[in-house]
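**Student:** Residue numbers (my numbering): 573 to 758.
Just passing along the structure, written as structure tokens.
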């Protein structure tokens with residue numbers, strides 16, 4: 573599903589997966605995918621305008637995975653350095669919790685008027701007619717190339733993370749304080 577030979581390359585090194593590769597499993601990390609025709613997400617947190625969907629996604633190998641629903645995801649792009657980027661709503665995002673990663677369709681964005689303004693080994697930047705930008709500045713090296721990704725924080729996650737005092741704690745402590753919920757909700 574990642575496009576090209578990336579799926580094969582990463583599966584060969586799965587036993588030695590680096591911490592940076594683990595980052596791709598986060599709900600707020602979106603892979604820039606030139607092979608995807610639509611955006612897709614493994615999480616429906618913060619979803620609006622949810623509709624039933626029967627579309628299927630063909631991966632590099634294996635069975636097609638059916639989208640359970642299509643949704644809109646309001647949120648904000650965040651730079652690798654933590655800087656605030658554009659606020660946006662990703663529309664018509666396919667959802668299935670069985671997806672491995674969140675994919676942002678670069679081809680869909682290009683077909684909708686976005687253009688690539690920068691692309692090199694440090695990432696890809698795209699811009700729309702309003703001069704808004706998305707920067708895929710998270711670079712995860714693979715055996716023969718790299719995966720470019722960006723961070724998109726959903727509005728639901730922004731609201732849930734807000735505190736008056738800016739408290740920070742490790743996941744185990746948060747898990748205990750918040751009633752021993754699952755990792756995603758903690």
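Beta carbons: idealized from backbone N, C-alpha and C, even for Gly.
None of the values given here were measured: they were computed from a predicted structure.
(1) Going by DSSP, what residue range makes up the beta strand (DSSP E) through residue 690?
(2) Measure the alpha-carbon distance for residue 704 versus residue 637 and round it to whole angstroms.
(3) Around the Cβ of residue 653, are there at least 16 other Cβ atoms within 10 angstroms (buried) or fewer (exposed)?
(4) Between which residues of its own chain and residue 701 is the CB-CB distance below 8 Å, once the five residues before and five after are set aside?
(5) Since residue 710 contacts residue 723 with CB under 8 Å, what's their CB separation in whole angstroms?
(6) Measuring alpha carbon to alpha carbon, tell me which residue in 688, 681, 665 is nearest residue 787.
(7) Whose C-alpha, out of 642, 720, 713, is nearest the C-alpha of residue 604?
(8) So, for residue 681: in the same chain, excluding its five sequence neighbours on each side, which residues have a beta-carbon less than 7 Å away from its beta-carbon?
(9) Judging by CA-CA distance, which residue of 610, 597, 600, 593 is the nearest neighbour of residue 679?
(10) If you check the beta carbons only, do residue 618 and residue 728 fall under 9 Å apart?
(11) Starting from residue 678, follow the alpha helix (DSSP H) in both directions and report where the run begins and ends.
(12) Skipping 5 residues on each side, what residues in its chain have a beta carbon closer than 6 Å to that of residue 608?
(13) Between the C-alpha atoms of residue 708 and residue 596, what's the straight-line distance to the nearest angstrom?
(14) Whose CA, out of 717, 716, 712, lies closest to the CA of residue 601?
(15) Taking all protein chains shown into account, do 16 or more other C-beta atoms lie within 10 angstroms of the C-beta of residue 726, making it buried, or fewer, making it exposed?
(16) Measure the C-alpha to C-alpha separation of residue 620 and residue 641 and round it to an integer number of angstroms.
(17) Sorted by chain position, which residues of the same chain lie with C-beta nearer than 6 Å to residue 592's C-beta, five sequence neighbours on each side aside?
(18) From the DSSP output, in three-state form, read off residue 592 for me.
**Tutor:** Let me spell this out:
(1) Start at 1 with the first residue of the chain shown, and residue 690 comes out as number 118. That run of the beta strand (DSSP E) goes 687-692.
(2) The count along the chain shown starts at 1 and reaches residue 704 at position 132. The count along the chain shown starts at 1 and reaches residue 637 at position 65. Distance between residue 704 and residue 637, taken at the CA atoms: about 32 Å.
(3) Your numbering for residue 653 matches position 81 in the chain shown. Label assigned to residue 653: exposed.
(4) For this step, residue 701 is matched to residue 129 along the chain shown. If we look at residue 701 and ignore the five residues flanking it on each side, its Cβ neighbours are 685.
(5) On the chain shown, position 138 is the one that residue 710 refers to. On the chain shown, position 151 is the one that residue 723 refers to. Yes, residue 710 and residue 723 are in contact; Cβ-Cβ is about 7 Å, under 8 Å.
(6) Shown here, the chain extends from 573 to 758; a query on residue 787 therefore has no answer.
(7) One-based indexing of the chain shown puts residue 604 at position 32. Residue 604 has its Cα closest to that of 720, out of 642, 720, 713.
(8) Looking up residue 681 in the chain shown gives position 109. Once the five neighbours on either side are set aside, the close Cβ partners of residue 681 are 698.
(9) Counting from 1 along the chain shown, the entry for residue 679 is found at position 107. Residue 679 has its Cα closest to that of 610, out of 610, 597, 600, 593.
(10) For the purposes of this step, residue 618 is taken as residue 46 along the chain shown, with counting starting at 1. For the purposes of this step, residue 728 is taken as residue 156 along the chain shown, with counting starting at 1. Here residue 618 is near residue 728, since their CB atoms are less than 9 Å apart.
(11) Within the chain shown, numbered from 1, the residue matching residue 678 stands at position 106. For residue 678, the enclosing alpha helix (DSSP H) stretches over residues 678-683.
(12) Within the chain shown, the letter at position 36 stands for residue 608. So the qualifying residues of the chain are 675, 677.
(13) Against the chain shown, residue 708 aligns to sequence position 136. Against the chain shown, residue 596 aligns to sequence position 24. When rounded, the distance between both Cα atoms is 13 Å.
(14) Here residue 601 refers to the residue found at position 29 when the chain shown is read from its first residue. Minimum Cα distance to residue 601 is reached at 712.
(15) Taking the chain shown and counting its residues from 1, one reaches residue 726 at position 154. Sixteen is the threshold: when 16 or more other Cβ atoms of the shown chains lie within 10 Å of the Cβ of residue 726, as they do, the residue is buried.
(16) Taking the first residue of the chain shown as 1, we reach residue 620 at position 48. Taking the first residue of the chain shown as 1, we reach residue 641 at position 69. About 11 Å.
(17) Against the chain shown, residue 592 aligns to sequence position 20. Counting only Cβ-Cβ distances below 6 Å, and skipping sequence neighbours, we find 712.
(18) The residue labelled residue 592 in the question sits at position 20 within the chain shown. Residue state for residue 592 is assigned as helix, using DSSP reduced to three classes.
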